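Visitor: Dropping the structure in here first, questions after.
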Amino acid sequence: MSGWATGSQTSLREANRASILESVKRYGGLTQVELVGSTGLSAATVSTIVKELTSAGLVEVKPTSRSGRRAQLVTVARRVGLAAGVQVGHRHLRVALGDFGSDVVADQTLPLPSEHRLDTTLDRTALLVVDMLERVGATLEELVGIAIGIPAPVDTATGLISVRGVLRGWDDTHVAQVMSKRLGKPVWVDNDANLGALAEATLGAGRGYADVLFVRASHGVGAGIVIGGQLHRGFAGTAGEIGHVQIDPQGAICRCGSRGCLDTVVGAEALLAPLVVSHGPLTLRDVMNRALAGDPGCTRVVADAGEKIGAVLAATCQALNPQVIVVGGELAETGEMLLDPMRRELRRGMLPNLIAPVEIVPAALGQQAEVMGALATVLENTDVADTVDRGTREREGER
Ligand SMILES: [Zn+2]
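In my numbering, the protein residues as written are 9 to 407.
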């Protein structure tokens, strides 16, 4: 009988330890009071387990005053290792290194040529990761894994892009396997908007909401869906592909093979084309800068895009009923210029919810959202206790 009781208590304690580690990992650090709230455990249990985890070298406790008064912030210990978060965009590559406290310790962006090749881009990524590790005084051994966000839907079950043609030259390649061979580390690949959604929902403007729609308006438009606090990818990873909702049946043919998708109307090429006659050739960045400086033509292009995206969001919201829409990507840097027409279209196109009308807010993490979501993905999939045990065994083996 006593054996049964002990066994049960041991597994209960292990479950509580796991639950606290999960919360700390997910939010990048919580105070003990917040841990009580997020785990549902008593303050005494949280305090005991945090002490155990601290002496096991799994978490660190440091003073914080972020909620206005002084408290102890619990984070995963730095010695657990570093994660690499990568965003491969249409025209840039971004790599961030982060620790288990969700602190970004290094962050770098490189330009990419348009229609860049998969193998050269992954080579550059691998070199950049190694270079950045060196610069922060870390070794490749300390890297626990890499997550890569790409501007295409990914079937996380197979690791392959689930719609042909969306990212030219990247179809049929298992990006995670290719990258894993280059660095000898575990690699995860996901859609960039999903990673942005993950970061904004846990660390950014969607924090505190259970149902969040994250919209990424950049060279293309995509969305990431968080329902009940969980990322919803759909059966093969195409959930939230709002860029491929048809809005003009007579419109241009899209990369995906369909006609008149939202992307063909508010994607970078479509936004830049009507400005050529009046403004000459511009980049998306130029248009954003000029719009912010008050240029009427560029302002008009941004506002029109907000309206078009808003119409598609109305239909999306009708189906999903999120509490909040968080808007990120380059276009969101123009703030209300984009959000105001988006809000108007949204209100026009959906049932007025009197109890809880959906809010549209700008993203809080800016251009870092996707790499931060990638870092969170590595941390989420890494067993902290196992990593520390392995590190200890290796160090003892060296002696
Ligand atoms: Zn399309």
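All C-beta atoms, glycine included, are put in the ideal place defined by N, C-alpha and C. Owing to the predicted nature of the structure, the values given are computational and were not obtained by experimental measurement.
Could you tell me the distance, in whole angstroms, from the CA atom of Val220 to the CA atom of Thr53?
Guide: Residue mapping note: residue 220 aligns to position 212 of the sequence shown, counting from 1. Residue mapping note: residue 53 aligns to position 45 of the sequence shown, counting from 1. Their Cα atoms are separated by approximately 31 Å.
Visitor: State yes or no: is the C-beta of Gly336 within less than 8 Å of the C-beta of Arg215?
Guide: In the sequence shown, the residue the question calls residue 336 occupies position 328. In the sequence shown, the residue the question calls residue 215 occupies position 207. No, these two residues do not count as a Cβ contact at 8 Å.
Visitor: Which residues have their C-beta within less than 5 Å of a heavy atom of ligand 1, listed in chain order?
Guide: For ligand 1, the selected residues are His252, Cys262, Cys264, Ser266 and Cys269.
Visitor: What number of angstroms, rounded off, separates the C-alpha of Gly167 from the C-alpha of Asp180?
Guide: Numbered from its first residue, the sequence shown carries residue 167 at position 159. Numbered from its first residue, the sequence shown carries residue 180 at position 172. The alpha-carbon atoms of Gly167 and Asp180 are separated by roughly 10 Å.
Visitor: In whole angstroms, what separates the C-alpha of Gly230 from that of Glu353?
Guide: Translated into the one-based positions of the sequence shown, residue 230 becomes position 222. Translated into the one-based positions of the sequence shown, residue 353 becomes position 345. Their backbone Cα atoms lie some 18 Å apart in a straight line.
Visitor: Have a look at Arg78 and Pro71 and give me their C-alpha separation to the nearest angstrom.
Guide: Taking the sequence shown and counting its residues from 1, one reaches residue 78 at position 70. Taking the sequence shown and counting its residues from 1, one reaches residue 71 at position 63. Taking the straight line joining both Cα atoms gives about 7 Å.
Visitor: Write down the C-beta distance between Glu150 and Gly89 rounded to the nearest angstrom, noting that I regard them as a contact closer than 8 Å.
Guide: Counting from 1 along the sequence shown, the entry for residue 150 is found at position 142. Counting from 1 along the sequence shown, the entry for residue 89 is found at position 81. Glu150 to Gly89, Cβ: 5 Å. Contact.
Visitor: If you follow the alpha helix (DSSP H) that Glu249 is part of, which residue opens it and which one closes it?
Guide: The residue you call residue 249 lines up with position 241 of the sequence shown. Glu249 -> no alpha helix (DSSP H), and no H or E assigned at all.
Visitor: Compute the minimum distance between the beta carbon of Leu141 and the heavy atoms of ligand 2, and state whether it is under 7 Å.
Guide: Ligand 2 is not part of the structure shown, which contains ligand 1 as its ligands.
Visitor: Taking DSSP as the reference, what is the three-state secondary structure of Asn329?
Guide: Walking along the sequence shown from the start, residue 329 turns up at place 321. In this structure, Asn329 counts as coil in the three-state DSSP scheme.
Visitor: Do Glu341 and Met296 have their C-beta atoms closer together than 8 Å?
Guide: As a working mapping, residue 341 is identified with position 333 in the sequence shown. As a working mapping, residue 296 is identified with position 288 in the sequence shown. Yes, the Cβ-Cβ distance between Glu341 and Met296 is below 8 Å.
Visitor: To test your reading of the DSSP string, which unbroken beta strand (DSSP E) runs of 3 or more residues are found completely within the stretch 162 to 202?
Guide: Complete beta strand (DSSP E) runs here, min 3: 195 to 199.
Visitor: Assign Gly314 to one of two classes, buried (16 or more other C-beta atoms within 10 Å of its C-beta) or exposed (fewer than that).
Guide: Position 306 of the sequence shown holds residue 314. Classification of Gly314: buried, given that the 10 Å Cβ count is 16 or more.
Visitor: Just to confirm the assignment, what range does the alpha helix (DSSP H) spanning Ala52 have?
Guide: As a working mapping, residue 52 is identified with position 44 in the sequence shown. Start and end: Ala51 to Ser63.
Visitor: Report yes if the C-beta distance between Val366 and Gln326 is below 8 Å; otherwise report no.
Guide: By one-based count along the sequence shown, residue 366 stands at place 358. By one-based count along the sequence shown, residue 326 stands at place 318. The answer is no: Cβ separation not under 8 Å.
Visitor: Which residue comes first and which comes last in the alpha helix (DSSP H) that contains Glu142?
Guide: Position 134 of the sequence shown, counted from the first residue, corresponds to residue 142. Unbroken alpha helix (DSSP H) run through Glu142: Leu126 to Arg143.
Visitor: Quick one: is Ala410 buried, meaning 16 or more other Cβ sit within 10 Å of its Cβ, or exposed?
Guide: What is shown of the chain runs 9 to 407, which leaves residue 410 out entirely.
Visitor: Going by DSSP in three states, Arg215 sits in which element: helix, strand or coil?
Guide: Your numbering for residue 215 matches position 207 in the sequence shown. Note: Arg215 maps to coil in three-state DSSP.
Visitor: Would you kindly check if the distance between the Cβ of Glu68 and the Cβ of Ala85 is under 8 Å?
Guide: To locate residue 85, count along the sequence shown from 1; it is residue 77. To locate residue 68, count along the sequence shown from 1; it is residue 60. Yes, Cβ-Cβ distance for Ala85 and Glu68 is below 8 Å.
Visitor: Round the Cβ separation of Thr83 and Val32 to the nearest angstrom and send it over; I've been treating them as touching at under 8 Å.
Guide: To locate residue 83, count along the sequence shown from 1; it is residue 75. To locate residue 32, count along the sequence shown from 1; it is residue 24. Indeed they touch by this definition, with Cβ atoms about 6 Å apart.
Visitor: Grab me the residues of Glu142's own chain with a C-beta within less than 7 Å of its C-beta, minus the 5 sequence neighbours each way, in chain order.
Guide: The sequence position of residue 142 within the sequence shown is 134, counting from 1. The answer is none, since no qualifying residue turns up.
Visitor: Gly106 to His124, Cα distance in whole Å?
Guide: Residue numbering aside, residue 106 sits at position 98 when the sequence shown is read from its first letter. Residue numbering aside, residue 124 sits at position 116 when the sequence shown is read from its first letter. Roughly 26 Å between the two C-alpha positions.
Visitor: Within 10 angstroms of the Cβ of Val284, are there 16 or more other Cβ atoms? Answer buried if so, exposed if not.
Guide: Along the sequence shown, read from residue 1 onward, the residue named residue 284 stands at position 276. Exposed, since its Cβ has fewer than 16 Cβ neighbours within 10 Å.
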